[in-house]
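Participant: When we follow our numbering, the leftmost residue of the sequence shown carries the number 4, and every step to the right adds one.
Yeah, the Cβ is synthetic: ideal placement off N, Cα and C, and Gly gets one too.
Given the structure is predicted, the values throughout are model-derived calculations rather than measurements.
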Amino acid sequence: MKKPNNYEATPASGDYVPVALGGHLLIIKEVAEMQSRTGKDMIKVFFDFASGDAQPAYFSNVFRDDVRPDKKWPAAGTTYLLTEDVDGNCSRQFKTFITSVEKSNPGFRVDWGEGFTRGFQNKLTGGVFGIVEEEYNDKVHKNRKLRWFRSTEGVLEAPVPEEKLLANGSRSRLPEDKDGFISVPEGCQEELPF
Numbered sequence: 004m005k006k007p008n009n010y011e012a013t014p015a016s017g018d019y020v021p022v023a024l025g026g027h028l029l030i031i032k033e034v035a036e037m038q039s040r041t042g043k044d045m046i047k048v049f050f051d052f053a054s055g056d057a058q059p060a061y062f063s064n065v066f067r068d069d070v071r072p073d074k075k076w077p078a079a080g081t082t083y084l085l086t087e088d089v090d091g092n093c094s095r096q097f098k099t100f101i102t103s104v105e106k107s108n109p110g111f112r113v114d115w116g117e118g119f120t121r122g123f124q125n126k127l128t129g130g131v132f133g134i135v136e137e138e139y140n141d142k143v144h145k146n147r148k149l150r151w152f153r154s155t156e157g158v159l160e161a162p163v164p165e166e167k168l169l170a171n172g173s174r175s176r177l178p179e180d181k182d183g184f185i186s187v188p189e190g191c192q193e194e195l196p197f
């Protein structure tokens with residue numbers, strides 16, 4: 004048998020090490036301004052685990068080892084933050100991100116305006132990872148995700164957050180029509196919530 008291409012670099016099954024739950028030292032790879040699907044201002048933060056963390060360069064290694072031709076930075080190493088809340092004020096998550104980066108990098112202050120995103124590259128911050136339950140393709144999955152940012156001070160001793168579970172009602176939804184209304188199957192005898 005001829006040795007397959009890329010045999011040495013291909014990881015064997017069972018060699019996968021998941022993201023450890025709890026606190027991590029993060030290094031910001033990139034921040035990008037964008038808009039949500041509903042037109043709200045937000046930022047997209049790409050990060051990795053910094054040297055000094057128990058899993059340094061974790062997402063860089065996952066990206067490097069990805070053999071797909073259209074590979075992307077790992078989803079678990081990416082987070083999205085709305086800049087404003089429903090009332091049009093600064094969102095708590097966005098403010099937490101900004102203050103965490105400022106506290107973790109003495110002398111660093113955000114450059115509001117044109118250079119906003121450039122200032123974050125290679126800055127340190129802390130992040131706490133936990134289990135988040137999500138529904139995808141009609142199946143419920145438990146994923147390890149960044150739950151929140153915090154400064155690097157004491158982040159490695161941060162407790163593992165409680166699992167964030169889906170609300171019972173969101174696990175099985177009735178299909179919606181194009182107009183946004185729920186389709187109630189004919190003959191449905193269940194009480195409607197109105």
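Secondary structure at G122, three-state DSSP: helix, strand or coil?
Facilitator: Helix at G122.
Participant: Under a three-way DSSP split, which group does V158 fall into?
Facilitator: The answer is helix: DSSP assigns V158 an H, G or I state.
Participant: For Y61, count the other beta carbons within 10 Å of its own beta carbon; 16 or more makes it buried, fewer makes it exposed. Which is it?
Facilitator: It counts as buried.
Participant: Using DSSP with H/G/I as helix, E/B as strand and the rest coil, what is E138?
Facilitator: If DSSP states are grouped into helix, strand and coil, E138 belongs with the strands.
Participant: At the level of alpha carbons, what is the spacing between V70 and G130?
Facilitator: Approximately 28 angstroms between the Cα atoms of the pair.
Participant: Could you give the first and the last residue of the continuous beta strand (DSSP E) run that contains K75?
Facilitator: Where K75 is concerned, there is no enclosing beta strand (DSSP E), given that its DSSP letter is neither H nor E.
Participant: What residues in its chain sit with their C-beta under 6 angstroms from that of W151, if we drop five residues either side in the sequence?
Facilitator: Cβ within range, chain order: V131.
Participant: Leaving out five residues before and five after G157 in sequence, what residues of the same chain have Cβ atoms less than 7 angstroms from its Cβ?
Facilitator: Nothing meets the Cβ criterion.
Participant: Using C-beta distances below 6 angstroms, list every residue in its chain close to F197, excluding the 5 sequence neighbours before and after it, in chain order.
Facilitator: Interpretation of F197 is limited by its pLDDT of 38, a score under 50 that renders its predicted location unreliable; no figure is taken from the coordinates.
Participant: I need the DSSP call for V65, collapsed to helix, strand or coil.
Facilitator: V65 falls in the helix class under three-state DSSP.
Participant: Rounded to whole angstroms, how far is the Cβ of S103 from the Cβ of S154, which I believe are closer than 8 angstroms?
Facilitator: About 5 angstroms; that satisfies the 8 angstroms criterion.
Participant: Looking at K43: is its Cβ nearer than 8 angstroms to the Cβ of L85?
Facilitator: Their beta carbons are under 8 angstroms apart, which means K43 touches L85 by this criterion.
Participant: Looking at V48 and T82, is the spacing between their C-beta atoms short of 8 angstroms?
Facilitator: Yes.
Participant: Let me know the alpha helix (DSSP H) ranges lying completely inside the region 86-131, each 4 residues or longer, listed in chain order.
Facilitator: Taking only runs of at least 4 residues, the alpha helix (DSSP H) segments lying wholly in the region 86-131 are 95-107.
Participant: Note the first and the last residue of the continuous beta strand (DSSP E) segment covering G26.
Facilitator: Residues 25-38.
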